[in-house]
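Residue numbers (our numbering), protein chains in the order written: chain U, 1 to 221; chain A, 222 to 670; chain B, 671 to 1257.
Here the structure comes first, spelled out in structure tokens, and everything after it is commentary.
Next up, the structure:
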């Protein structure tokens, strides 16, 4: 459970550090602070949708951290036999990096109001992601024809489980991407989709990070 | 006002209940008096807090009850008071924790010279293994478990040969000697508990767990499974007998070793045929059973079950209740089979007899019986053929006999002897059948299997 | 474009009031309607779970007298009772119900930040409830593995419901987690980003702190349940060996190999212990507000209370293995977890002291909500103190898996949060419905429930000391149980059935008062928090009419010296002189 605990410790430490600054020296019953000093504002100057996404990312991180904890604990038991990662995964990783990069360019285009560039990079990002997912399926195919079935060994089972979980999260992102793309293709202006594009970009970067972490773990064990 | 009185009465009532209650720890039978001490200490500390907080609250409610025109005091906080309360609480908590951790350290560290006993759990039965003369257990593997090797001992491991196997839910332990229990499960989680010993631990399949204690009081105590292990969880009982060291050693010597069991020749049906002559008088020459004499069918029955019941008759675990007329007839008959070899031979001979399904004589609501049988199927198998290492066959045997035995179990004519743990289990199960009709229904359903 | 806070954007945001019955009451995105939908659904399944407990008690008090309770049924009842009460009633009611209703009203917001997701949250929750209840109607019935669902037993024959029941249970839990996550993200984001002007975090009522922290715990802890549910489903359906070692079942060797049942327990309790506080923290928060309001006194040590909530929330993640002292895990863990567990007693004790000190020098009105709040302090103190027994690792040895545990967690996690649930429903009923409940019936409800539950659980602890194991279908003739213990069991059963029936009073009261109750007015308790200052009662869609309220003070200005009234609502400006201070809504 160490991984899960480290993750939680980081979250808690961040939250606590921030709360201490917010609360330690206030005397809330002292009502004399003029109201102008207490503006109605969120704790961070960003859009609630982004806060929502960041919270969701914290939840997903908790999920992966717990899976990794389970992975590490299960790995220590006697019957663990690591499986050979298909080389295809390197190519998939490169494609996912491309996707993430394309989303970054989409976001840049959106903030600068460049509709055409945004449209192109948005499409590139989506296509790369689809290719990545397809590549993951092919990798599964290679492994199962190579005799590495899910029931064969917990290492295999974890491989399928973790890649599937990561893929499902990407698929969820693709749903939002699809809706955004549909709006962009039907001519919505940059301003109205900018938030969606920004959220997608953050999410894709995050999932790239998760994938790199997972891939690193799979390679090193 | 009623609330104030109620709170005070609840506090006083709780204290009275605590001191007057006849329901408290069973008398201690092990060295873990320190656990009882820690419990008592915790009672004192938590009791003081319970009384203080609630009486203070009752007083506050009385003194500061609503009065027209009265006004509460405005006091956002009182740092000094809060710090004092925190410090006091911390001290109280530390006072309870410290002895707890010290005793736990004793529990975790097993004395060097402890007598080792392995407890093996399965749904829903206890068995035990001792390391034998070499003091080492043979290696085990769940894959090796079979009817001939119930403990799954690796036959290639020489340490296993002298392992003493106790194929019964009764274990003996020596008085005033530290005993280390190794705990192992064949199937699901179980938990080895003897209330009088205070300590307990789960049996986890795939790994070995342990606990140790030193029995300090002679007597027999009940072993309970305290981790939910399926529908017969509550019927998974055993016994532990605390006795003097010499008695314990004699008991160990009387139990077979793994090598002995492996080397034992199978029963000889030819010799058994001769001994069976006396059985044939009632049970029929083909072991087909005879209703007129209340003698059930034997052919086709699980040999291990037959052996266990013959043994139970012989040593007085069955056929002793005065109302169990037929059992009382069988008991002296079983006594005529003077030793294990003869019993093995007879059972081997019964194994050669033709197994013709018995005719149905009991009617009942088959659909209802099918519902009731769901419970039975967990041990006796969905097809009523019995499950090896667990419970005997029912389908194709005499239905009138099944019915009579269900009644006997329910009424306590069978399975009431404290050492007949298989019978005790069946008693708990038979009690779930509300009436004779339910028994008929379930037997009628078994007839269809 | 610079960021503009929600409260400052109020005039730009268009509020579309729903017009049709369907959009208003069924596919509603209004947090108040969703709260009621959550609340009613949760109470409905809670009633089912209550009936299940009545059946269990019948068997325990009068063993083998009822042909409709077989061992399989019994284990199915305990499993469903536990799971429903913990997850589908208490978690859903405190966060989905009270959280949804109170968060926007208390922080002065028009709704949740993501109303559509909030609506989805309820409907996914409803589906999870339906899936769960569907398991009563599949072959083999619901799972009987106990609410902890420990493998290997949960997915093997010998336990009821291993074909369908366990799968439906796992699917239902996964759905619940999805629903909870959607709701939880909403609660957190709303509290962080949608507070009205002047509502700093430290001016929030403790209710919100409790709900806020519980939601964070839930968001981080429920994934552990999700992980274990997914892995167990694979073990069951795909034949993997995450948790399954090489074992026998029904006399045959299974193909699993090498897995660890203890791994499941770690994951389960990594969720399971924070879950206790997911239920407890909102109760702590709500009861603080009830006590303060009805004692006409500020909550004592507000900052300490906030920090205690945070400390308990943080610590709750490093105590999980105290549920596993006798599980066969590495026994050296016992030292660590016993220590952390007893440390958590300190902030918890501080909360109890501060509640009692809030009563001290108050002007206590023994209204129905206040009675329940005091009932909470009593039962929670009792349950918390027995928790110290079980948290201390050696004391747990004799008591683990006995009725002491059952009595403890029912006291601390059953009775005491339910006291807060009742108290809070009575407290906010006038705001939710605009009418008062029947006070006399409410008092009867309190007295019978409070005394009745104590009659159930106090003796139960002592059965535990005797060594009576929990999760036993019947005790049979267990040698160490005297005849009197069986009589005691009958007494407990009678009390339990009685308390169960008494809840009809509550249902009758809240249903009949909907029509017959006296009109309550906007602020019948003279409370300070924002939800009592709405222009309409019950609040309309959008909550605040034309203007959002502005907050000028903390939530506990009761009996402030120099003011005429004994309360000053949060939206009264600081410079309002004593003579001109008014009560009621002045927005």
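Beta carbons are placed, not taken as given, at the ideal position from N, Cα and C, and that holds for glycine.
Remember, predicted model here, so these are calculated numbers, not experimental data.
Within the region 350 to 392 of chain A, no complete alpha helix (DSSP H) segment of 4 residues or longer occurs.
Annotated three-state conformation of residue 411 of chain A is strand, per DSSP.
By a beta-carbon distance limit of 8 Å, residue 588 of chain A does not contact residue 601 of chain A. Their separation comes to about 19 Å.
Contact of residue 505 of chain A with chain B is not assigned, every C-beta pair being separated by 7 Å or more. At a C-beta separation below 9 Å, residue 297 of chain A has these neighbours in chain U: 27, 28, 29, 30.
In terms of Cα proximity to residue 946 of chain B, the closest of B:1084, B:976, B:875, B:967 is B:1084. In the DSSP assignment, residue 989 of chain B falls outside any beta strand (DSSP E) and carries neither an H nor an E. By the 16-neighbour rule on beta-carbons within 10 angstroms, residue 597 of chain A is buried.
If you draw a straight line from the Cα of residue 753 of chain B to the Cα of residue 838 of chain B, it comes to about 13 Å. Boundaries of the alpha helix (DSSP H) harbouring residue 1050 of chain B: 1038 to 1061, taken from the DSSP string. Judged by DSSP secondary structure, residue 1217 of chain B falls outside any beta strand (DSSP E); it is assigned neither H nor E.
For residue 426 of chain A, the residues of chain B that pass the 7 Å Cβ criterion are 822, 915, 917, 931, in the order they occur in the chain. Short of 6 Å from the beta carbon of residue 544 of chain A, and not among the five residues preceding or following it, lie these beta carbons of its own chain, in chain order: 634.
The C-beta of residue 553 of chain A has fewer than 16 other C-beta atoms within 10 Å across all chains shown, which makes the residue exposed.
For residue 121 of chain U, the enclosing alpha helix (DSSP H) starts and ends at 115 to 145.
Following the DSSP letters along the chain, one finds residue 179 of chain U inside the alpha helix (DSSP H) bounded by residues 154 to 185. Three or more Cβ pairs closer than 8 Å define a contact, and the region 1103 to 1110 of chain B falls short of that threshold against the region 451 to 458 of chain A. Under the 8 Å Cβ criterion, the region 65 to 84 of chain U counts as touching the region 891 to 906 of chain B, having at least three qualifying pairs. In this structure, the beta-carbon distance from residue 399 of chain A to residue 435 of chain A falls below 7 Å.
Closest in C-alpha terms to residue 395 of chain A, from the list A:466, A:232, A:575, comes A:466. Per DSSP, the unbroken beta strand (DSSP E) holding residue 337 of chain A starts and ends at 336 to 343. Pairing residue 387 of chain A with residue 846 of chain B, the inter-Cα distance amounts to about 48 Å. For residue 264 of chain A, the three-state secondary structure derived from DSSP is helix. With 16 or more other Cβ atoms inside 10 Å of its own Cβ, residue 1039 of chain B counts as buried. Look at residue 863 of chain B: its C-beta is under 7 Å from a C-beta on chain U. At a cut-off of 7 Å, the C-beta of residue 8 of chain U has a neighbouring C-beta in chain B. Classified as buried, residue 711 of chain B has 16 or more neighbouring CB atoms from the shown chains inside 10 Å of its CB. From the beta-carbon of residue 793 of chain B, no residue of chain U is found nearer than 9 Å; the closest lies around 18 Å away.
Under the three-state reduction of DSSP, residue 462 of chain A is assigned to strand.
Close CB contacts of residue 1122 of chain B within its chain, under the 7 Å cut and outside five residues either way in sequence, are with 1165, 1168, 1169, 1172 (chain order). Burial state of residue 585 of chain A is buried, judged by a 10 Å Cβ sphere holding 16 or more other Cβ atoms. Looking at the backbone, the Cα of residue 406 of chain A and that of residue 363 of chain A are separated by about 9 Å.
Here DSSP, grouped into helix, strand and coil, assigns residue 1142 of chain B to coil.
For residue 12 of chain U, the C-beta contacts it makes with chain B under 7 Å involve 984, in order along the chain. Among the residues facing chain B, residue 73 of chain U is included, as its CB has a counterpart in that chain under 7 Å away.
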